[in-house]
Ligand code: SF4
Ligand code: SF4
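Residue numbers (the working numbering), protein chains in the order written: chain V, 1 to 365; chain B, 1001 to 1155.
Dropping the structure here:
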């Protein structure tokens, strides 16, 4: 009498909850997701190939456009990779300023994640508050480097400019008020029963699967794996700061929420310490105008807000890279999506996409 | 303990706390502005479209046609034509165009400009660009110095 059938549902590429142009083909059994096809490539710009035709200075603006929500990290990873290849020692002050801006960027990126994630699930208010606080950080970045999204803020060998006058005070003001504001998000979400209902036990990703998929960042740490590149392979001056790496063991969306919230607190701590110990001096090392790293290859990673952000450069001693490769955390983390939503309800798909915190510019490159 | 939890559940305590936060925020000062009527202050380093400038004191052309900005621009949007000066020393600028359609506002062109401390090319604070035609975005030398002509549309 009744006949049930599997149904293919197309979600995206233009969908408010996919955070960009991501297309999912969901195979549904009623409300339950039985299989997912993730279709990417709508934002593919061929940056890796493009970089082979540009010299080392010119590549940095292109890295901005990969993960545009956390462009500071793309800049940081890229310049550090080239510096590693060339063996350049960056002045202390530049390193500290890089850490400060990068950690502020982590907060800004997590605020975007929190706002949009909450918006997807149905809590609209948080979105406005998050963007309000992010605005303060963007103003700081605008004062520092002149741009609000695609910063191009570092140069190989240091920084193009020192901090403008009064910047440290403004940054200090931000780290002072931010914990208070974060408590407000906490009040709105952490114990809210709707939030708990929508996130607890949703999108489980166990440690062994996470490691198999190569998932990094908060998604890995929510599965109980204590792996943070800032601690595991300290780069820049991260070994000088006191901070904790939050780890939880329930592997679900709610835990990833808690981890990112805690990471914002820890980032505030790092910024505070870095501001306290900001050394004086130069911000630019002596590097030749024409950058020609020696022949060889290098892989360098930084811990971005989304996970391990890696850059691989093969140089043949010319002023252009022979091969450039980005290991973008969003791309790798997205692989786990079909696994995480198998057997869950359609409504949870949105929550899981949100908790993976993907940026499609980073996925497609 | 269980009783407390039950009471919490029953009274929807966490929802009321959330409401209280929202209420508190109603009385915070606004941070948005009504854009066309009000605009925000820019930071001095704000990177709008790149433009050319003359020496503010003497009014002379600063650019010496060294082509460094053209060479570093990642989107290849600057094009400069120059010719040797009659006396053989230095070059005269014939034309200097920036294609704003391609420019990505990276600011790299300013770094190598040798006419320091006032660089001939600089990142201006102009950002309002809307046009019906693609041609308007190819700015020649005069427009780069004086700014693109602004057309105001009245209702
Ligand atoms: S800002 Fe960047 S893209 Fe624009 S003209 Fe200068 S170098 Fe080229
Ligand atoms: S770098 Fe400066 S001086 Fe040289 S061509 Fe460009 S604008 Fe002119």
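All residues carry an ideal CB built from backbone N, CA and C; glycine is no exception. Here the structure is a predicted model, which means the values were calculated and not measured.
Distance from the CA of residue 93(V) to the CA of residue 283(V), rounded to the nearest whole angstrom, comes to 6 Å. Of all residues in the region 180 to 211 of chain V, only 184, 187, 188, 191, 192 and 193 place a beta-carbon less than 7 Å from a beta-carbon of chain B. In chain order, 1042, 1043, 1045 and 1046 make up the part of chain B whose C-beta sits under 8 Å from the C-beta of residue 142(V). DSSP lists 1080(B) as the beta-bridge partner residues of residue 1096(B). The beta-carbon distance between residue 73(V) and residue 60(V), rounded to whole angstroms, is 13 Å. This is too long to meet the 8 Å contact definition.
Rounded to the nearest angstrom, the gap between the Cα atoms of residue 224(V) and residue 31(V) is 30 Å. Annotation: residue 286(V) is outside any alpha helix (DSSP H) and is labelled neither H nor E by DSSP. Residue 1036(B) sits in coil when the DSSP states are folded into three classes, being neither helix nor strand. Taking 8 Å as the cut-off, the Cβ atoms of residue 188(V) and residue 126(V) count as close. The beta carbons of residue 90(V) and residue 158(V) sit about 5 Å from each other, so the pair counts as a contact at 8 Å. Against residue 1017(B), the close residues of chain V are 187, in the order they occur along the chain (beta-carbon pairs closer than 7 Å). Note that the C-beta distance between residue 149(V) and residue 167(V) is not below 8 Å. Taking 8 Å as the threshold, the shortest C-beta distance from residue 1049(B) to chain V does not fall below it. Per DSSP, the continuous beta strand (DSSP E) segment holding residue 28(V) begins and ends at 23 to 29. Screening all residues for a C-beta within a distance smaller than 7 Å of any heavy atom in ligand 2 leaves 1052(B), 1062(B), 1063(B), 1064(B), 1065(B), 1066(B), 1067(B), 1068(B), 1069(B), 1070(B), 1080(B), 1109(B), 1112(B), 1113(B), 1114(B), 1115(B), 1119(B), 1120(B) and 1121(B), in chain order. Secondary structure within the region 246 to 279 of chain V: not one fully enclosed beta strand (DSSP E) run of 3 or more consecutive residues is present. Under the Cβ criterion of 8 Å, residue 164(V) is counted among the residues facing chain B. Taken atom to atom, the span from the alpha-carbon of residue 102(V) to that of residue 12(V) is near 31 Å. In this structure, DSSP gives residue 10(V) an extended state, which the three-state scheme calls strand. When beta bridges are read from the DSSP output, residue 1060(B) appears opposite no residue. For residue 175(V) and residue 147(V), the gap between their C-alpha atoms comes out near 21 Å. In the same chain as residue 186(V), and ignoring 5 residues on each side of it, the C-beta atoms closer than 8 Å to its own belong to 261, in chain order.
In the three-state scheme derived from DSSP, where H, G and I count as helix and E and B as strand, residue 1134(B) is classed as coil.
With fewer than 16 other CB atoms across the displayed protein chains lying within 10 angstroms of its CB, residue 1006(B) is exposed. In terms of Cα proximity to residue 333(V), the closest of 362(V), 281(V), 278(V) and 321(V) is 362(V).
Beta-bridge analysis with DSSP links residue 326(V) to 311(V).
Rounded to whole angstroms, residue 350(V) and residue 207(V) show a C-alpha spacing of 22 Å. Contacts with chain B at 8 Å (Cβ-Cβ) do not include residue 49(V). Taken atom to atom, the span from the alpha-carbon of residue 124(V) to that of residue 1147(B) is near 41 Å.
Distances from the alpha-carbon of residue 21(V) to those of 29(V), 28(V), 294(V) and 10(V) put 10(V) closest. Contact annotation: residue 49(V) and residue 36(V) have beta-carbon atoms that are not nearer than 8 Å.
Across the set 216(V), 302(V), 190(V) and 178(V), the C-alpha of 302(V) shows the shortest separation from the C-alpha of residue 233(V). For residue 1031(B), a Cβ of chain V is located within less than 8 Å of the residue's own Cβ.
Within the same chain, Cβ atoms closer than 6 Å to the Cβ of residue 345(V) are found at 31, the five residues on either side in sequence being excluded.
Under the DSSP assignment, residue 35(V) falls in the beta strand (DSSP E) whose first and last residues are 32 to 39. DSSP places residue 96(V) in the uninterrupted alpha helix (DSSP H) bounded by 92 to 121.
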